[in-house]
Amino acid sequence: MRKEPAGDFDYEIGGQGYSSIRRPEPRFADEIRRALGDARSLINVGAGAGSYEPTDMDVTPIEPSASMRAQRPSHLTPAIDAVAEELPFADKVFDAALATVTIHQWRDLATGLAELRRVTRGNVVIMTFDPEELEKFWLGEFSPALMTYEAGRMPALAKVTELLGGTSHVKNLPIPFDCEDGFAESYFGRPEAFLDERVRRSQSAWGFLSNEDEIAAVRALQTGLDDGSWDARHGHLRRQHEYHGALRLITALP
Ligand SMILES: C[S@@+](CC[C@H](N)C(=O)[O-])C[C@H]1O[C@@H](n2cnc3c(N)ncnc32)[C@H](O)[C@@H]1O
1190 MRKEPAGDFD
1200 YEIGGQGYSS
1210 IRRPEPRFAD
1220 EIRRALGDAR
1230 SLINVGAGAG
1240 SYEPTDMDVT
1250 PIEPSASMRA
1260 QRPSHLTPAI
1270 DAVAEELPFA
1280 DKVFDAALAT
1290 VTIHQWRDLA
1300 TGLAELRRVT
1310 RGNVVIMTFD
1320 PEELEKFWLG
1330 EFSPALMTYE
1340 AGRMPALAKV
1350 TELLGGTSHV
1360 KNLPIPFDCE
1370 DGFAESYFGR
1380 PEAFLDERVR
1390 RSQSAWGFLS
1400 NEDEIAAVRA
1410 LQTGLDDGSW
1420 DARHGHLRRQ
1430 HEYHGALRLI
1440 TALP
């Protein structure tokens, strides 16, 4: 096991229940598969428990956390223990590269993205969040520190596309009401979910709050739900079938 986590969050301590809450959302998986086009070989960096890994491609998953590697289902290829910043491959050996919900955690974004580009002949596909949009999410009313911190972790989209070079296309991915992947905005219309500790533990941002701040945020939300003020402000979201939030799919061509 690594002495230090490869990213900004320690999944050996906080990642055990990840795969039970953070399941791949089929609508995002379809978008990702389309963006990968007719590529045959794929490197998936920060692969975690294997969400969004196509099963009809020759996939090489890279995942530095032992706890996350252990949560990969048996039908997926076991992941190689390596980091984005130092990929153990020659130049241009993969048709395409994928990185979902991971680049904000890397220690050195520029080096990691340069490595993705270096080992890939074709499209580099990245699912990430737009920090400007993320800060607007209603959860920030109950814990400003949480959403400010989370937005601060996310690189600006323009920086990501600039670092990748070539030509990029950025697509807004609407989040369905019943989104299977339990990141914060996926509960846009299901606020009670944040009262469940298992949900919070599968969202790394909560790990950066003190216990007191987390308890205060959960109490404030509970009060807002009990006294009807959440519903007065945001109740329409309970009936909204999708949410246009911060989730983006970047497809970078060489
Ligand atoms: C939120 S999880 C996402 C996992 C998976 N891609 C998904 O969509 O569910 C972020 C993953 O990035 C990995 N990670 C963090 N820093 C990394 C780095 N420098 N290089 C490669 N992976 C890293 C973590 O170990 C973790 O498994």
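Numbering-wise, the sequence shown is residues 1190 to 1443 according to the working numbering. Quick reminder that beta carbons are idealized off the backbone N, C-alpha and C, glycines included.
Just checking, does the stretch 1305-1321 make contact with the stretch 1278-1286 on the three C-beta pairs under 8 angstroms criterion? yes
For L1362 and D1402, I'd like the C-alpha separation in whole angstroms. 31 angstroms
Pop quiz: E1324 and D1297 are said to be a contact at Cβ under 8 angstroms. What is the actual Cβ separation, rounded to whole angstroms? That belief does not hold up - the Cβ atoms of E1324 and D1297 are roughly 24 angstroms apart, past 8 angstroms.
Can you tell me the Cα-Cα spacing of E1304 and N1400, whole angstroms? 37 angstroms
Are the CB atoms of M1316 and L1328 nearer to each other than 9 angstroms? no
If distances are taken between C-alpha atoms only, which option among V1272, E1374 and G1396 comes closest to A1435? E1374
Check whether G1354 and P1443 have beta carbons under 9 angstroms apart: yes
Measure from the alpha carbon of Y1376 to the alpha carbon of each residue in G1417, D1415, R1428 and V1349, then state which is nearest. R1428
So does the stretch 1401-1418 actually touch the stretch 1244-1252, counting three or more Cβ pairs closer than 8 angstroms? no
Could you check the C-alpha separation between H1430 and S1263 for me, to the nearest Å? 33 angstroms
With C-beta atoms as the reference, is R1390 less than 9 angstroms away from F1383? no
Beta-carbon proximity check, V1180 vs L1302, cutoff 9 angstroms: Outside the shown range of the chain, which is 1190 to 1443, sits residue 1180, and nothing can be said about it.
Take Y1338 and list the residues in its own chain whose beta-carbon comes closer than 7 angstroms to its own, dropping the five residues that flank it on each side. A1394 and F1397
Within 9 angstroms, strictly: CB atoms of I1439 and L1346: yes
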